[in-house]
Amino acid sequence: MAVVSFEGLHKSYGRRIAVSDVSFDVADREVVGLLGPNGSGKTTILRIVTGYLRASAGTVRVAGRDVHDGAAARRHIGYVPEDSPLYAHMRVGEYLAFAGRLRGLAGRDLDRRVAAASERLALGPVRETIIGRLSRGYRQRVSLAQAVLHEPRLLVLDEPTNGLDPRQIIEFRGLVRDLARDCAVLLTSHILGEIERIADRVVILLNGRLLGTHPIARAGRALQLRLRGPADAAPRIAAVLAATDGVTRLGEDGTGWRVAAADSAAAERLGVGLAAAGLAVVEVAETPSDLEEVFLRLTGGEAAR
Amino acid sequence: MRALAALAGKEARTLFVSPIAYAVIAVFLLLSGYTFVVTLAVGKQATLVHIFFQAAVQLVLLVPLITMRQFAEERRTGTLELLLTAPVGEAAIVLAKFAACMAVLLVMIGLTFAYAVVLAALGDPDWGPVYTGYLGLAMLGAALVAVGLAVSALTGNQIVAAVVSLGLFGLLWGIDPLAALLPHPADDWLIGLSLLARFTPFAVGAFYTSDFGFFLTVTLLGLFLAMRALARR
């Protein structure tokens with residue numbers, strides 16, 4: 001069942017149309033990414049689903065409730081706006097308790113949920129730290145913690161990896177995948193590679209219009225491997241390749257062999273076979289994403305209109 | 001109700017954690033204390049009328065400093081988006097900020113009650129004007145805070161909020177002289193809008209329900225406008 005459903009969503013500011021006739025659903029425990037260039041309507045859609053903006057037309061339902069029917073739908077939403085705004089003068093624990101009370105939590109239930117969110121997002125060491133003194137990565141974690149305190153059905157993240165360093169981005173991906181075990185996640189990004197690594201499905205937007213949706217085949221993605229070994233090992237490599245299921249030999253060049261593995265399991269079997277034969281995989285690269293091709297095709301066609 | 005209490009607590013802590021509340025209260029008490037000592041030493045009368053008028057003028061000048069950041073700062077930093085997307089209504093957000101600002105004001109005004117205690121120790125003050133004077137200051141303060149919050153809710157810039165509030169309060173404070181230029185009954189209407197004309201009876205010991213109703217109406221109107229400003233998005 002869909003946690004969120006958008007039907008004919010339209011938003012305009014005077015004559016300027018920000019979002020036009022957008023319809024799609026987000027299923028429970030699904031991570032959906034809104035992908036599009038700046039100004040494509042991503043943030044507007046998130047602000048409508050969280051109740052910050054009112055739609056000009058169309059309906060948005062969260063857990064079956066219209067987002068414009070007061071607080072009922074908002075109880076099911078956790079939201080991290082762009083740049084993770086927080087009260088810089090508050091301590092982490094104090095802020096999380098405030099965020100919980102704002103959502104009607106109190107007493108032991110509040111304490112339990114604050115403790116659970118702090119543990120899940122590894123905030124224990126900074127519970128008494130003033131938020132203004134935290135690193136960008138910790139601030140992002142505090143924002144996520146306040147968003148999941150009340151165990152929402154939907155987690156909404158606007159450009160969540162903005163400003164994070166590579167290590168923080170990798171940690172963040174893991175956190176989102178972990179949080180997505182309990183709720184649906186709707187997030188935005190204008191970085192194709194980022195959204196592809198986090199989302200199960202991508203909704204592509206341009207100029208406020210939905211151009212298409214694209215599932216990300218997380219499992220079963222083909223991998224391209226490059227093998228290199230001593231020249232006299234060629235027969236042994238050929239034998240391992242022939243003996244490994246799900247592996248296709250693409251060709252040879254001056255530095256080694258190019259091989260396609262049907263999925264990560266096949267690549268692992270190949271690695272085990274090569275190691276057993278005394279050979280090493282010197283380079284492993286994923287095949288270029290088909291999302292990139294889909295995005296360029298959809299947005300290119302739209303831009304040409 | 002629980003959310004309203006959480007919001008009001010957060011707002012009060014925010015005001016009392018920042019140096020703004022302490023600076024405003026300190027300046028207010030310094031100037032009030034100076035006036036109290038001078039008028040008592042020179043006039044030798046057990047009255048607080050001078051203090052009330054001066055305090056009212058100080059409220060006109062200082063309230064914008066308290067209200068200017070309430071919404072403008074939250075809008076600038078983005079935390080307003082968090083509040084408005086939480087399962088609480090605009091009314092709770094506005095009332096919490098109003099309550100916190102009033103707490104600062106009431107602490108500030110309440111501390112001047114020490115002057116009344118001094119007068120009671122040295123002489124025999126007429127307590128009627130003392131009580132109405134404090135009621136008048138509280139009513140005036142509430143009206144100014146509510147209007148200041150409405151102005152702050154309309155802008156994302158603290159300085160703009162402060163300047164517009166100050167201009168509005170200054171205009172309403174002394175608008176009654178303009179009445180001399182207007183025909184009847186427009187002159188009465190204009191005098192009716194004057195904060196000074198409405199506050200004066202309170203300060204001198206008279207209580208009119210019309211003046212009480214005026215400040216109450218301005219307060220409610222200001223709060224309503226602040227809520228509408230937040231809802232308009």
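Chains as they are written, first to last, in my numbering: chain E, 1 to 305; chain F, 1 to 233.
Built from N, CA and C at the ideal position, the CB exists for glycine as well.
Check                                                                                                                                                     : Outcome
Which residues share a DSSP beta bridge with V4(E)?                                                                                                       : V26(E), V62(E)
Is DSSP giving R112(E) helix, strand or coil here?                                                                                                        : helix
Can you name, in chain order, every residue of its own chain whose Cβ lies under 6 Å from the Cβ of L225(F), other than the five neighbours on each side? : A150
In chain order, what residues of the same chain lie with their CB nearer than 6 Å to the CB of G93(E), ignoring the 5 residues before and after it?       : R127
Alpha carbon to alpha carbon, what distance is there between I17(E) and A57(E)?                                                                           : 12 Å
Is G123(F) buried or exposed, if buried means 16 or more other CB atoms sit within 10 Å of its CB?                                                        : exposed
Comparing alpha-carbon positions, which option in G213(F), R69(F), A114(F) lies nearest T14(F)?                                                           : R69(F)
Give me the Cβ distance between G133(F) and P81(E), rounded to the nearest whole Å; I'm assuming they're in contact under 8 Å.                            : Not quite, the Cβ-Cβ distance comes to about 46 Å (not below 8 Å), so this is no contact.
Would you say P81(E) faces chain F, with C-beta separation under 8 Å as the test?                                                                         : yes
Just grab the DSSP bridge partners of V156(E) for me.                                                                                                     : Y79(E), L186(E)
Report the residue from P125(F), L171(F), A103(F) whose alpha carbon sits nearest the alpha carbon of V24(F).                                             : A103(F)
Measure the alpha-carbon distance for R249(E) versus L102(E) and round it to whole angstroms.                                                             : 59 Å
Could you check whether the Cβ of V88(F) sits closer than 8 Å to any Cβ belonging to chain E?                                                             : yes
Can you look up L210(E) in the DSSP assignment and give me helix, strand or coil?                                                                         : strand
Do E90(F) and L230(F) have their CB atoms nearer than 8 Å?                                                                                                : yes
Can you look up K97(F) in the DSSP assignment and give me helix, strand or coil?                                                                          : helix
With DSSP as the reference, label Q45(F) as helix, strand or coil.                                                                                        : coil
May I have the straight-line CA-CA distance separating R226(E) from A260(E), to the nearest angstrom?                                                     : 9 Å
Whole angstroms are fine: how far does the CA of G141(F) sit from the CA of F244(F)?                                                                      : Outside the shown range of chain F (1 to 233) lies residue 244(F), about which nothing can therefore be said.
Can you have a look at M1(F) and say buried or exposed, based on whether 16 or more other CB atoms are within 10 angstroms of its CB?                     : exposed
What's the C-alpha gap between S12(E) and P37(E)?                                                                                                         : 18 Å
Between which two residues does the alpha helix (DSSP H) holding L83(F) run?                                                                              : 79 to 85
Can you tell which of A266(E), T244(E), S5(E), A234(E) has its C-alpha closest to the C-alpha of E30(E)?                                                  : S5(E)
What distance in whole Å lies between the Cβ atoms of V60(F) and V169(F), which are believed to be in contact at a cut-off of 8 Å?                        : It should be noted that the sequence gives Phe, not Val, for residue 169(F). Their Cβ separation, rounded to whole angstroms, is 5 Å, which keeps F169(F) and V60(F) in contact under 8 Å.
Less than 6 Å between C-beta atoms, sequence neighbours within five positions excluded: which residues of the same chain meet that for T299(E)?           : L206
Comparing C-alpha positions only, which one of G8(E), R74(E), G124(E) sits nearest to L210(E)?                                                            : G8(E)
Can you tell me whether V203(E) is helix, strand or coil according to DSSP?                                                                               : strand
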